[in-house]
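All residue numbers for the sequence shown refer to our numbering, where the first residue is 99 and numbers rise by one.
Backbone N, C-alpha and C define an ideal beta-carbon position, used for all residues, glycine too.
Written out below as structure tokens is the structure these notes cover.
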Amino acid sequence: VGRAARGRGRGEPDPAGGGQRRSGAGPRRCVGLRPAPPRPPGLGRLPGQHRRASPAQPAGIRSLTMKPFTAYASGFIVFLFALLQKSHGQCKEAAKKSEMDLGVKYDLPNFIADTPIQNVVLYKHHVYIGAVNKIYVLNETLQNISVYKTGPVLENPDCAPCEDCRDKANLSNSIWKDNVNMALLLETYYDDQLISCGSVSGGICHRHIIHPDNPADIESEVHCMYSPQADGEADNCPDCVVSTLGTKVLVTEKDRFVNFFVGNTVTSTFQHPHVLHSISVRRLKETQDGFEFLTDQSYIDILPQFRDSYPIKYVHAFENDHFVYFLTVQRETLDSQSFHTRIIRFCTLDSEMRSYMEMPLECIFTEKRRRRSIRKEVFNILQAAYVSKPGAALAHEMGLGLNDDILYGVFAQSKPDSSEPTNRSAVCAVSVRTINEFFNKIVDKQNMKCLQHFYGKDSKYCLNRAFSRNASYCRAQDDEYRLEVTTPLQRVDLFMGQFNSVLLTSISVFTKGNLTIANLGTSEGRFMQIVVSRSEPTAPHVSFQLDSHPISPQVVVKNSLADDGYTLVVTGKKITKIPLKGPGCQHFRSCSQCLLAPAFMQCGWCSQQCLRSSECPSNTWTQDTCLPRVYEILPSSAPIEGGTKLTLCGWDFGFSKNNRFELKNTVVHIGGQVCPLEAKSSNKNRLECTVPAAKSPGFNISSSVSVGHGKTLFNTFSYVNPVITSISPTYGPKSGGTLLTVAGKYLDSGKSMRIFVGEQPCTLKSISASTVECYTPAQQIPQEYRVRMEIDEAIRDTSRHFTYREDPVVLNIHPAKSFLSGGSTITAQGINLNSVCFPQMVITVPKLGMNFSVIYVIEQSLRYDQWCITRYSEEQSHTVSKWSKNLPCLVSRSLPCWHGGYKNISEFLLEI
């Protein structure tokens, strides 16, 4: 009796006529009670149910009565919470529609090569592209001017680098190999020349003379940079520069010499005819036909036993003042499975790398949480780096000068015990001055140890080495101090976790006015531009899908201070030219976003679009003012009594050029009357005001939002007069819980709806324009109560009353046991069973944790039996009714049920 039934289904018996009732024929006169909460297995009754013994009951069966209606208090709270969430979330769609368009397409100059691109060099208005098997020369509009073919190359063990091996093409040990461009460098000290180093012929290089009168010609004069070594030095090949596993090469010019600093990834499985060094410095010969090591200390190698277990990836290299720097990713220690980033430093003039030092570099994100310690996330794997000078604003925030260099890096969190990055990134910055100061300070504190991957754990060199205390200067010293600093240099994510769901793969930085701007690329081919600031939160002002391939760390920035400055970005086989002032302004969908974009983008508002002035076809282009845009009105109607809280969803509300939300000049009119604004609950996407009363109903009345320089019109609001026409059912038990349906017109108007039965609130279930459903409250006295509806400040009564009756009580069920295979008829007997419309019988098997529900129908004028077949499952059984008028007078209703079979003999209880 205490569980809700949802009415008869198609084809169920009609108790009044004995035949089949058509689905949907006639209005439903009564609605069942709420569904009772499920009972935990093993409990004989629900908490709060009363019980009394009956002499006629079998053992273990007691009478059950309805408990007071309290179970839906939590449901009422949930309903109110849902309304509150809806109220606060009403303008989310408007806010989303005003956000930056991340799917905008821009038509930008680009070039697509035949093979993947590895390197890019810009020189004298020409772009040189190093790709697999080819070097392309493009003009500044990225049109192809010439192509130089570098591969495939025929390789044979008996064929020396630079030797023509075509006569060995048919030999079994000859093989054609693709030539991957591992390094593409510009050298202008001896000649204007392009130096390319490939993955074939032992990693040697070629130099291409660039003729001043024809920079596109890199084919007329090409020289192979290889000289055979003497017999005693056959394994030591200074001309073998690059590794196919990964290489970073830095070219410097000091004291009339050109030096090449090279970092190579090497492993024991790497097949190479000569020894490739982990890190080295070599000098370009004055004859320019190759390189030379000045001494046998001009290189450092990972010990053979550690080459597989301790790989070093060289990510970036740069020169600053008197030092050369490499950034690497490697294991934390020889025994560790975790990876981290290190910065390597040594003096530019140190041909023997005596001043070589390594130090961990960490990019972290910290977040202070209430009553908790600071949570620190480490982004341990460097993906790309860039060095440039700061704008005035960032320089002031970091305490630097405008000529100080800053190292920017994009870092990712790696998978456990791996160097493979995840889609969690951060951006950190540190001045080169700070790096040097940290090196010097740590050396003074002796927080250092031997380079075990170069010398071994038990080497006498590591055990007995006395390090120099003076690492501040680059000058000739008797003692070398090759060492590893153990204390990491830490920096905090500039964008405070903003990129913690994306893998950043590229960065370049430039300045515009006082601003410092970062170009960021992702593994999914998205290009972003964002202002770098340590004092104010910023978000990307440019974000568009450039390609489906990852954006390469190889980037070029040109003319950053000029209006026509640009960056060259590589994605797979494609290179794209993107203006530094942004690809355009069309991705800004709201006027306020458009006018608050960085000034160097030159964006303005033009007839509902964000464009540059040259793109605006009319004279409406402005960079000063925005009219509010109304997207939605909630609610769309309200009672004529007024008092409804009206929410206007849209964008550009309270706009000001200082990016502050201001309402002093904003006025909302509804049908010619002022709707007073609620400043505390309003924002740039939401205005809230209290609707004034109206003399009569009106539909789609003229309304507006005005600011000092104009107004926006809308006509989607209506005044209505809600009424109640009927209620159903008209009775129920005094413990409450009956699903009451109130019918009428305009019932969904206004903001706040309440239904009262007597003076007690009816717990709302659903609201529509024509019906409101709620669960009746409990009452102490069974009698008639008036039903009242309140919508905001409007009150509506109905002449219909709801009658409370005494609660039903089950006195007996029979039989209390049955066969394993099922099939018995179970009968429940009690009093006041006609107080509820469409009740439900539930048989619970505690040991199986299952409920078997029976839906049945009671007609007020009949007494009857009901039997059914229940399945051995959690599905609700199909029911068939059998009617009888010959029951004893004591029994108001007799409810039989034929139960399903069970695997075990179990006592079952009836839950009402």
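Would the beta-carbon of residue i fall within 8 Å of that of residue j?
i, j, result
"N819", "P737", "yes"
"F537", "R443", "yes"
"V803", "P726", "yes"
"V654", "V630", "no"
"Y397", "I377", "yes"
"D277", "V245", "The residue asked about is misnamed: residue 277 is Asn in this sequence, not Asp. For N277 and V245, no; Cβs fall outside 8 Å."
"L200", "S716", "no"
"N521", "V590", "no"
"P937", "Y902", "no"
"F424", "P336", "no"
"L602", "V525", "yes"
"L236", "P681", "no"
"N208", "L240", "yes"
"I628", "H639", "yes"
"T584", "N534", "no"
"M280", "S297", "yes"
"K679", "Q700", "yes"
"V364", "L284", "no"
"V339", "F359", "no"
"G834", "T874", "yes"
"E460", "R473", "no"
"G619", "L401", "no"
"A211", "K232", "yes"
Beta-carbon within less than 6 Å of residue i's beta-carbon, same chain only, minus the 5 sequence neighbours each way: which residues are those?
i, result
"S824", "A841"
"V805", "N763 and T764"
"V320", "H304 and H306"
"T896", "I822 and V885"
"C724", "C689, S690, D750 and F753"
"T742", "A736, V789, G848, K849 and D890"
"H438", "E430, P458 and N478"
"Y729", "A192, C747 and G748"
"F552", "I398"
"H647", "G623, T669 and G670"
"N657", "G663"
"N418", "D503 and V530"
"F698", "K610 and K679"
"K1001", "Bear in mind that the predicted position of K1001 carries a pLDDT of just 37, short of 50, making it too unreliable to give a figure here."
"S780", "E786"
"Y844", "V818 and P820"
"V772", "none"
"G301", "C338, V339 and V340"
"I273", "E253"
Our contact map puts residue i next to residue j with C-beta atoms below 8 Å; I'd like the distance itself, whole angstroms only.
i, j, result
"A483", "V413", "7 Å"
"I1021", "S486", "No statement about residue 1021 is possible, as the shown extent of the chain runs from 99 to 1010 and does not include it."
"Q684", "Q707", "7 Å"
"C263", "C322", "With 8 Å as the limit, C263 and C322 do not qualify as a contact, their Cβ atoms being about 13 Å apart."
"H375", "N357", "About 14 Å; that fails the 8 Å criterion."
"T614", "P774", "Incorrect: roughly 44 Å between the Cβ atoms, too far for contact."
Can you list, in chain order, the residues of its chain with a C-beta nearer than 8 Å to that of residue i? Leave out the 5 residues immediately preceding and following it.
i, result
"C572", "H420, F421, C445, T446, L447, D448 and S453"
"A267", "L252"
"T393", "S449 and E450"
"K411", "G344, T363, T426, V427, Q428 and S517"
Leaving out five residues before and five after residue i in sequence, what residues of the same chain have Cβ atoms less than 7 Å from its Cβ?
i, result
"S621", "L601, T603 and P648"
"E760", "G752 and S754"
"R440", "T426, Q428, E456, M457, P458 and L459"
Using 7 Å as the cut-off, classify the Cβ of residue i as near or not near the heavy atoms of the ligand HEM, replying yes or no.
i, result
"W703", "By its list of ligands, the structure shown contains no ligand whatsoever, and the ligand HEM lies outside what it can speak to."
3-residue-minimum beta strand (DSSP E) runs that sit fully inside the stretch 179 to 248, ordered along the chain:
As far as the stretch 179 to 248 is concerned, its whole beta strand (DSSP E) runs of at least 3 residues are 208 to 210, 215 to 221, 224 to 229, 232 to 237 and 242 to 247.
My parser needs the beta strand (DSSP E) runs of 3 or more residues fully inside the stretch 459 to 523; what are they?
Every beta strand (DSSP E) stretch that sits fully inside the stretch 459 to 523 and reaches 3 residues is listed by chain position as 473 to 477, 479 to 486 and 504 to 512.
Give a yes or no on contact between the stretch 384 to 396 and the stretch 430 to 442, applying the rule of three or more CB pairs nearer than 8 Å.
no
Inspect the CB distances between the stretch 769 to 785 and the stretch 854 to 866 and report whether three or more fall short of 8 Å.
no
Pair every Cβ in the stretch 345 to 353 with every Cβ in the stretch 306 to 321, then say whether three or more of these pairs are closer than 8 Å.
no
Three CB pairs or more closer than 8 Å across the stretch 860 to 873 and the stretch 793 to 800:
By the criterion of at least three beta-carbon pairs nearer than 8 Å, the stretch 860 to 873 is not in contact with the stretch 793 to 800.
Would the stretch 219 to 229 count as touching the stretch 666 to 675 if we require 3 or more Cβ pairs under 8 Å?
yes
Of all the beta strand (DSSP E) runs that stay within the bounds of the stretch 846 to 880, which reach a length of 3 or more residues?
851 to 855, 858 to 865 and 869 to 873
In chain order, each beta strand (DSSP E) run of at least 3 residues that lies wholly inside the stretch 629 to 675
640 to 643, 649 to 656 and 664 to 669
Identify every run of the beta strand (DSSP E) within the stretch 378 to 425, keeping only runs that are complete inside it and at least 3 residues long; order them along the chain.
411 to 418
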